[in-house]
Amino acid sequence: MVTATQKTSPEPSHVLGKALLRASERMGMSRTELASVIGRDRSSISRSGVDPDSKSGELAKILIRVYRSLAVMVDDDLTQIREWLSTPNRHTGGIPEQQLQSVAGLVAVCEYLDAIRGNV
Numbered sequence: 374m375v376t377a378t379q380k381t382s383p384e385p386s387h388v389l390g391k392a393l394l395r396a397s398e399r400m401g402m403s404r405t406e407l408a409s410v411i412g413r414d415r416s417s418i419s420r421s422g423v424d425p426d427s428k429s430g431e432l433a434k435i436l437i438r439v440y441r442s443l444a445v446m447v448d449d450d451l452t453q454i455r456e457w458l459s460t461p462n463r464h465t466g467g468i469p470e471q472q473l474q475s476v477a478g479l480v481a482v483c484e485y486l487d488a489i490r491g492n493v
């Protein structure tokens, strides 16, 4: 008798947690800064992931979107990504890496990058 092996899909919360950790690392954020952005304890992000349907999950998806937008614009050059984040930006009204620490700032930076990428 042949038994079929079941492939189990990874939990969405673990997938989002892993993507979030990777994006924040590539942007030069500490785990403490990341935890502050999404409102979660820094150790719980890697341990239990982030529920995509929670408020933290929504913020995580926006932060990942910021990273992906920057990565596309600068061909994933980490030096340029980090320089962009640390340089005052008159269009976003501040220094993006500092703006990411508030929900309003995170959304403003994301919307700005969306507009730039879409040539709005």
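With the numbering used here as the guide, the letters of the sequence shown map in order to residues 374 to 493.
All C-beta atoms, glycine included, are put in the ideal place defined by N, C-alpha and C.
Quantities reported herein were computed from a predicted structural model and do not represent experimental measurements.
Would you kindly check if the distance between the Cβ of residue j and the Cβ of residue i is under 9 angstroms?
| i | j | result |
| --- | --- | --- |
| S429 | R413 | yes |
| S427 | C483 | no |
| L458 | V423 | no |
| L479 | L436 | yes |
| T465 | A444 | no |
| V388 | L432 | no |
For residue i, does the three-state DSSP call read helix, strand or coil?
| i | result |
| --- | --- |
| G467 | strand |
| E398 | helix |
| S382 | coil |
| L473 | coil |
| S419 | helix |
| D424 | coil |
| D487 | helix |
Would you mind reading off the limits of the alpha helix (DSSP H) that contains residue i?
| i | result |
| --- | --- |
| T460 | Premise fails: T460 is in no alpha helix (DSSP H) and is neither H nor E. |
| S442 | K428 to M446 |
| S409 | R404 to I411 |
On the criterion of 16 or more Cβ atoms from any shown chain inside 10 Å, does residue i qualify as buried, or is it exposed?
| i | result |
| --- | --- |
| G390 | buried |
| I411 | buried |
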